[in-house]
Amino acid sequence: MFMPKETKFFDLFDRQIDNVVEGAKLFRKMITTPAITVDNIDKMHAIEHNGDEVNHRIIDKLNESFITPFDREDILDLSNSTDNIIDGIYMIAKRYSLYKLLTPGEYSHKFAAVIEDSVLALQKVVHGLRNNKKSKEVMEQCVEINRLENMGDILRDEAISKLLNDEKDPIVVIKKKEMYESCENVTDLCEHVANIVESILVKNN
Amino acid sequence: MFMPKETKFFDLFDRQIDNVVEGAKLFRKMITTPAITVDNIDKMHAIEHNGDEVNHRIIDKLNESFITPFDREDILDLSNSTDNIIDGIYMIAKRYSLYKLLTPGEYSHKFAAVIEDSVLALQKVVHGLRNNKKSKEVMEQCVEINRLENMGDILRDEAISKLLNDEKDPIVVIKKKEMYESCENVTDLCEHVANIVESILVKNN
Amino acid sequence: MFMPKETKFFDLFDRQIDNVVEGAKLFRKMITTPAITVDNIDKMHAIEHNGDEVNHRIIDKLNESFITPFDREDILDLSNSTDNIIDGIYMIAKRYSLYKLLTPGEYSHKFAAVIEDSVLALQKVVHGLRNNKKSKEVMEQCVEINRLENMGDILRDEAISKLLNDEKDPIVVIKKKEMYESCENVTDLCEHVANIVESILVKNN
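Structural data, given as C-alpha cells:
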C-alpha cells in the first residue's frame with residue numbers, strides 16, 4: 001500500500017542524481033574540448049534549473065506524505081545536499097567564462113575527470129538506497145568517493161603550489177586558484193552526500 | 206501548563222532575529238551613507254554581543270527545560286545558525302574598516318540591500334514558528350529568501366568578474382573580492398536558517 | 411552486559427582526540443622551531459592517517475552494534491567532525507611547505523598556540539563524554555573553546571589587515587592570507603566538535 005509513495009521518493013532521488021551526472025559530463029566536455037561557450041553555459045543552466053525543480057518536488061512530496069522511506073530530515077538533507085553539487089558545477093562552469101579562462105589547462109582537465117568519476121560513483125550509491133541488500137556495493141562506492149576526494153585534495157595542492165610558485169600575474173593566480181579550490185570543493189560535496197547515505201543506512205539497518 | 210515555557214522559547218527566537226534585523230539595518234546604513242566609523246563598529250559589536258547573550262540564554266533554557274516546543278537539537282541548530290548571521294554581518298562591517306575600504310561602491314550598496322531584505326524575510330519566517338497556521342506565509346518567505354540568495358550569487362559573480370577584469374591593483378582585488386564573497390555568504394546563512402525552520406515545520410506538521 | 415561495547419566507543423573517541431592533540435603539538439613545534447621539514451610532514455601525515463583509521467573503526471563498530479551510548483548519527487557526526495580537525499592541521503602543515511613559507515612569523519606562532527590550546531580543551535570535553543557527571547567541567551571547557559575561537563577571529567583580522575596594508579608582493583599576500591584563514595578555520599572546527607558534544611549532552615541529560 002505505501003510502496004508507491006516510497007518508490008516515488010526513490011524515483012525522484014534517481015532523477016536528481018542522474019541530472020547531476022549529466023552536469024558533470026557536460027562540465028568535463030566544456031573543460032577538455034574546450035567548449036566554454038554561451039550555448040553550453042545555457043545548457044548547464046538548464047541542468048541546474050532542472051535540479052532545482054526535482055529538489056522542490058521532493059520537498060513538496062515530503063510535505064504531503066505521512067509515510068516516508070526514511071527520516072524526514074534525512075530526505076531533506078539528502079535532497080538539498082545533492083542539489084548543492086549541481087549548483088557548484090554550474091557555478092564553476094560559469095566562472096570559467098566570466099573570468100575569461102577559455103582554454104583550461106591540465107589541472108582543470110584532471111579535476112573535471114575526478115568530479116565526473118566521483119559523481120558516477122555517487123550515482124551508484126544513491127541508486128543503491130532503493131535496495132538495502134546492495135549496501136555492500138554502496139559502501140564500496142563510498143570508499144571510492146572518499147578516495148577521489150583525497151585525490152582532489154592532492155590535485156588542488158599540486159595545482160595551487162605550482163601556480164603560486166610559477167605564475168607571475170597575480171590576477172591570473174587569483175582566478176585560477178579559485179577555480180581549483182571550487183573544483184576540489186565539489187569532491188567534498190560528493191563525499192558529504194555519500195556520508196548522508198551512509199548515515200541513513202547505518203540508522204535503518 | 207507547559208505553554209509559558211514554550212512561549213519563552215519563541216520570545217527568545219524573536220529577540221534573536223529582531224537583533225539580526227537591527228544589525229542588517231545598521232550595516233546598510235554604514236555602507237550606503239557611508240559611515241564606517243569607530244562609533245558604528247562599536248554599535249555593531251554591541252549588537253553582535255547581544256546576539257551572543259540571547260544565544261546563551263536559549264542554550265541555558267534548553268538545559269533546564271523538560272518540555273520544548275520542538276526537538277532539542279533543532280533548537281540548538283536554529284539558535285547557533287541565527288547567531289552565525291549576526292556574527293557574519295559584524296565581521297564584514299569590521300573588515301571594511303580594517304581593510305580601509307571606507308567608501309564602498311555600487312556592488313556593496315546592492316549587497317547591503319539584499320542582506321537587509323533577506324534578514325527581513327527571515328524575521329517573518331522565525332516569527333511564524335510560533336503559530337503553525339501561518340506556515341503558508343512562512344513557506345512564501347522561504348521562497349523569497351531563496352530568491353535573494355540566488356540574487357546574491359548573481360551579484361557576486363557580476364561584481365567579482367568586473368573586479369578581476371578591470372582593477373589593476375591586485376591588493377585591491379584581494380580586499381574587495383573577499384568583501385563580495387562574505388556578503389554573498391550572509392545570504393547563504395539566511396537560507397540555511399530558513400531551511401532549518403522548513404525542516405522543523407516538515408517534522409512537526 | 412552492554413557496557414563493554416559502550417566503553418569501546420569511548421575508548422575510540424579518546425584515541426581519536428588524543429591523536430588530534432599529538433598533531434596540534436607537532437604543528438606548533440613545526441611552526442615555532444621552525445621545523446617545516448619533509449620528516450615532520452611525514453610524521454604529520456602518519457598522524458592524519460592514524461586519524462582516518464580510528465574514524466573507520468568507529469564507523470565499523472557503529473555498523474555492528476545494536477546498542478550505542480548515544481544516537482547513531484551523533485556518533486557519526488562526532489567522529490567525522492573530529493577527523494576534520496586533524497585533516498585541517500595536516501593540510502596547513504603541508505601547505506607551509508608547498509608554498510615555501512619555511513620561517514613562519516609571529517602571527518603563525520600565535521595561531522599554532524591557539525590551535526594547541528583549543529585542541530587541549532577539546533580533549534577534556536571529549537574525555538568527559540564518558541562520564542555525564544563531569545558535564546559541568548565539559549561546559550566550562552566548551553566556553554574556553556568558544557573564547558579561543560573568538561581569539562582566532564581577532565588574530566585572523568589583525569594578521570590579515572597588517573598583511574594587506576603592509577606587504578607589497580601580492581603572491582606573498584595570497585599565500586599568507588590563506589594560511590591565516592586556514593588556521594582560524596581549525597578553531598572553528600574545534601568549536602563545531604564542542605557544539606556536537608554539547609548537543610549530545612543536552613539530548614541525553
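Residue numbers (this note's numbering), protein chains in the order written: chain A, 1 to 205; chain B, 206 to 410; chain C, 411 to 615. Backbone N, C-alpha and C fix where the C-beta goes; we use that ideal spot for every residue, glycine too.
| task | With DSSP as the reference, label F275 (chain B) as helix, strand or coil. | result | Under the three-state reduction of DSSP output, F275 (chain B) falls in the coil class, being neither helix nor strand.
| field | chain B contacts from the segment 56-70 of chain A (Cβ-Cβ distance under 9 Å) | value | I59, L62, N63
| request: Within the same chain, show all residues whose beta-carbon is closer than 6 Å to that of D74 (chain A), passing over the 5 residues directly before and after it, in chain order. | output: I200
| query | Quick one: what's got a C-beta closer than 6 Å to M179 (chain A)'s C-beta in the same chain, skipping five residues either side? | reply | none
| task | Kindly indicate which three-state DSSP category D579 (chain C) falls into: helix, strand or coil? | result | coil
| the ligand HEM heavy atom lying under 7 Å from the CB of R156 (chain A) | What this structure holds is no ligand at all, so the ligand HEM is not there to describe.
| query | I171 (chain A) to L369 (chain B), Cα distance in whole Å? | reply | 7 Å
| said: Measuring CB atoms only, is the segment 437-450 of chain C touching the segment 102-111 of chain A, in the sense that at least three cross pairs come out at less than 8 Å? | reply: no
| query | Using DSSP with H/G/I as helix, E/B as strand and the rest coil, what is N131 (chain A)? | reply | coil
| said: Let me make sure I understand the geometry here. Which of C:E554, C:A522, C:F480, C:F521 has the alpha-carbon closest to that of F423 (chain C)? | reply: C:F480
| request: Could you spell out the range, first to last residue, of the alpha helix (DSSP H) harbouring K248 (chain B)? | output: From DSSP, the alpha helix (DSSP H) with K248 (chain B) extends over 243-269.
| As assigned by DSSP and simplified to three states, the class of M411 (chain C) | Legend: pLDDT at M411 (chain C) = 40, less than 50; position of this residue unreliable, no value from coordinates given.
| query | Taking DSSP as the reference, what is the three-state secondary structure of Y99 (chain A)? | reply | coil
| task | Using the Cα positions of F111 (chain A) and M139 (chain A), report the straight-line distance between them to the nearest angstrom. | result | 23 Å
| task | Output yes if chain B places a C-beta closer than 8 Å to the C-beta of D576 (chain C); else output no. | result | no
| query | Given a threshold of 16 other Cβ atoms within 10 Å of its Cβ, counted over all protein chains shown, does I307 (chain B) qualify as buried or as exposed? | reply | The sequence given here has Leu at residue 307 (chain B), not Ile. L307 (chain B) comes out exposed.
| said: Using a Cβ-Cβ distance cut-off of 8 Å, determine whether E73 (chain A) contacts chain B. | reply: yes
| D567 (chain C): contacting residues in chain B (beta-carbon distance under 9 Å) | M296, K299, R300, L303
| message | With a threshold of 8 Å, are at least 3 pairs of Cβ atoms found where one atom belongs to the segment 328-339 of chain B and the other to the segment 258-270 of chain B? | response | Contact fails: fewer than three Cβ-Cβ distances are below 8 Å.
| Any chance the segment 254-268 of chain B sits against the segment 284-292 of chain B, with 3 or more Cβ pairs inside 8 Å? | yes
| Buried versus exposed call for V38 (chain A) [16 or more other C-beta atoms within 10 Å across all chains shown] | Residue environment: V38 (chain A) is assigned as exposed (fewer than 16 neighbouring CB atoms within 10 Å of its CB, all protein chains considered).
| F215 (chain B) and R352 (chain B) look like a contact to me (Cβ under 8 Å); what is the Cβ gap, rounded to whole Å? | Going by Cβ atoms, the distance from F215 (chain B) to R352 (chain B) rounds to 26 Å, so no, they are not a contact pair.
| query | Going by other Cβ atoms of all chains shown within 10 Å of its Cβ, with 16 needed for buried, is I154 (chain A) buried or exposed? | reply | So I154 (chain A) ends up on the exposed side.
| query | What do you get for I606 (chain C), buried or exposed, if any count of 16 or more other CB atoms within 10 angstroms of its CB means buried? | reply | By the neighbour-count rule (16 or more Cβ atoms within 10 Å), I606 (chain C) is buried.
| query | How big is the Cα-Cα spacing for H192 (chain A) and N185 (chain A)? | reply | 10 Å
| field | CB-CB length for L189 (chain A) against G88 (chain A), believed under 8 Å | value | Confirmed, Cβ separation roughly 6 Å.
| query | Sorted by chain position, which residues of the same chain lie with C-beta nearer than 7 Å to K248 (chain B)'s C-beta, five sequence neighbours on each side aside? | reply | Hits under 7 Å: L231.
| request: Identify the contact partners of L217 (chain B) in chain C, using a Cβ-Cβ distance below 8 Å as the criterion. | output: Those within 8 Å of L217 (chain B) in chain C number zero; the least Cβ separation is about 15 Å.
| task | With a threshold of 16 other CB atoms inside 10 Å of the CB of K305 (chain B), please say whether the residue is buried or exposed. | result | exposed
| Closest to R361 (chain B) by CA distance: which of B:Y301, B:K382, B:C347, B:A399 is it? | B:K382
| task | Can you give me the Cβ contacts of C552 (chain C) inside the same chain, cut-off strictly under 7 Å, excluding the 5 residues immediately before and after it? | result | Contacts found: V535, A604, E608.
| field | Interface flag, V202 (chain A) vs chain C, CB-CB below 8 Å | value | At least one chain C Cβ lies under 8 Å of V202 (chain A).
| said: Is there a Cβ of chain A sitting closer than 8 Å to that of S323 (chain B), yes or no? | reply: Using beta-carbon distances, S323 (chain B) does not count as an interface residue toward chain A, since no partner is under 8 Å.
| message | Tell me the rounded alpha-carbon separation between Q16 (chain A) and I468 (chain C). | response | 31 Å
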